[in-house]
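Take any residue in the sequence shown, count from 1 to its spot, add 17: that is its number in this note's numbering. A virtual CB, placed ideally from N, CA and C, is assigned to each residue, including glycine. Bear in mind the structure is a predicted one, so any value in this text is a computation, not a measurement. Below is one structure, written out as structure tokens, with a few remarks after it.
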Amino acid sequence: MKALVFPGQGSQFVGMGKELYDSRKDIKDLMESANEILGFDILSIMFSGTDDDLKKTEVTQPSIFIHSVAALKAVNGLGAEMVAGHSLGEFSALVANGVLSFDDGLKLVSERAKAMQAACDANPSSMAAILGLEDAKVEEICSQINGIVVPANYNCPGQLVISGETASVEEACAKLKEAGAKRALLLPVNGAFHSPLMQPAQERLAAAIEQTKFRKATIPVYQNITTTAVSDPDEIKKNLIAQLTGPVKWTQSVQNMIKDGATNFVEVGPGKTLQGLIKKIDSTVDVASAV
Numbered sequence: 018m019k020a021l022v023f024p025g026q027g028s029q030f031v032g033m034g035k036e037l038y039d040s041r042k043d044i045k046d047l048m049e050s051a052n053e054i055l056g057f058d059i060l061s062i063m064f065s066g067t068d069d070d071l072k073k074t075e076v077t078q079p080s081i082f083i084h085s086v087a088a089l090k091a092v093n094g095l096g097a098e099m100v101a102g103h104s105l106g107e108f109s110a111l112v113a114n115g116v117l118s119f120d121d122g123l124k125l126v127s128e129r130a131k132a133m134q135a136a137c138d139a140n141p142s143s144m145a146a147i148l149g150l151e152d153a154k155v156e157e158i159c160s161q162i163n164g165i166v167v168p169a170n171y172n173c174p175g176q177l178v179i180s181g182e183t184a185s186v187e188e189a190c191a192k193l194k195e196a197g198a199k200r201a202l203l204l205p206v207n208g209a210f211h212s213p214l215m216q217p218a219q220e221r222l223a224a225a226i227e228q229t230k231f232r233k234a235t236i237p238v239y240q241n242i243t244t245t246a247v248s249d250p251d252e253i254k255k256n257l258i259a260q261l262t263g264p265v266k267w268t269q270s271v272q273n274m275i276k277d278g279a280t281n282f283v284e285v286g287p288g289k290t291l292q293g294l295i296k297k298i299d300s301t302v303d304v305a306s307a308v
């Protein structure tokens, strides 16, 4: 069985989407409609902006979504039988399985990005990548730290990102190194994504989601929160909202997709990050880029 997977924040690069834009008129028209929906020329930033321009959350997230849906259009879905997305990528996955239109998906992604940025500005906080330690040990140590620090991204075995108040994240990093972590690296972000500190953003996103039409899925999406196949629009909405303050369980989602028959994973969007993670989760499956 074939699964489509969609990347999240961090996969952006200057020049992203330009080849897709130049390849076909229908893709060009789709991408140009993004400028009108967003009210600014995001394509010029994607094609020829600076790294710093692209790193702004309110630019990064829509850029990756636009690139991913354009790539999806270029390959016409590839006959996939299931989809999943890493954090932000879940919105691209919901276009792939017919739950969201491109226009509605982009509006939600833009609102999500603005809400997350506002939450970061109101409460500067941190994330850190923990390498070479079992998930259960990371969870145990985080639970013992004063303040807010939680597992945020279960990326693959031996790679877990934690998120929370800066002092708590730094204390957790020190204790995790003592416990045997190979590395505990503070990430260059000024916010605690997928932690309780995203509560204000969650409320804002929930209001936008409740006003958006969600259709029944044509194929199941394996959502970050549940890690299992979901097709019901109301359940998808609930899980999308919960994702902002809950962890991205990517390892568990991929394991469940494989258990349910996935043998071929195609990454749709910029970069190859997810292909690398999937190979670390299960080296026996095939991985590839859509374009």
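First and last residue of the alpha helix (DSSP H) that includes residue i?
i	result
residue 50	42-55
residue 61	59-65
residue 250	250-260
residue 115	Segment: none, residue 115 is in no alpha helix (DSSP H) and carries neither H nor E.
residue 266	Element bounds for residue 266: n/a, residue is neither H nor E.
residue 31	It is not in any alpha helix (DSSP H) - residue 31 carries neither H nor E in the DSSP assignment.
residue 84	74-92
residue 297	290-298
residue 155	152-160
residue 221	216-227
Please name the residue or residues paired with residue i in a DSSP beta bridge.
i	result
residue 303	281
residue 171	177
residue 144	180
residue 271	Per DSSP, none; premise fails for residue 271.
residue 246	239
residue 166	181
Between residue i and the rest of its own chain, which residues show a CB-CB distance below 8 Å, the 5 nearest in sequence each way excluded?
i	result
residue 73	134
residue 247	234, 237, 238, 239, 240, 253, 256
residue 128	221, 222, 225
residue 277	18, 99, 246
Which same chain residues end up closer than 7 Å to residue i when comparing Cβ atoms and leaving out the 5 residues on each side of it in sequence?
i	result
residue 115	232, 234, 235
residue 45	38
residue 229	121, 125
residue 274	20, 99, 101, 239
residue 58	52
residue 216	262
Rounded to the nearest angstrom, how far is the Cβ of residue i from that of residue j, given a contact under 8 Å?
i	j	result
residue 78	residue 22	With 8 Å as the limit, residue 78 and residue 22 do not qualify as a contact, their Cβ atoms being about 17 Å apart.
residue 18	residue 80	Rounded, the Cβ-Cβ distance is 30 Å, inconsistent with contact.
residue 207	residue 185	Actually they are not in contact, since the Cβ atoms of residue 207 and residue 185 sit about 15 Å apart, beyond 8 Å.
residue 193	residue 155	6 Å
residue 123	residue 83	7 Å
residue 218	residue 136	4 Å
residue 270	residue 284	So it is not a contact: roughly 14 Å between Cβ atoms.
residue 264	residue 170	7 Å
residue 97	residue 308	Contact flag wrong, Cβ pair sits at about 14 Å.
Which first and last residues belong to the beta strand (DSSP E) in which residue i is found?
i	result
residue 201	200-203
residue 19	19-23
residue 100	99-102
Is the Cβ of residue i closer than 9 Å to any Cβ of chain B?
i	result
residue 83	Absence of chain B from the displayed structure is noted, only one protein chain being present.
Using a Cβ-Cβ cut-off of 6 Å (strictly less than) and excluding sequence neighbours within five positions of residue i, which residues of its own chain qualify?
i	result
residue 303	281
Open item on the list: Pairs of beta-carbons, one from the segment 179-187 and one from the segment 136-156, closer than 8 Å: are there three or more?
Closed with: yes
Task: Stretch pair the segment 294-308 + the segment 243-255: three plus CB contacts closer than 8 Å - done: no
Task: Segment contact flag, the segment 63-71 with the segment 106-116, C-beta cutoff 8 Å, min 3 pairs - done: no
Task: Inter-stretch contact (C-beta, 8 Å, three-pair minimum) for the segment 39-53 and the segment 19-31 - done: no
Open item on the list: Does the structure place the segment 146-154 close enough to the segment 93-108 that three or more beta carbon pairs sit under 8 Å?
Closed with: no
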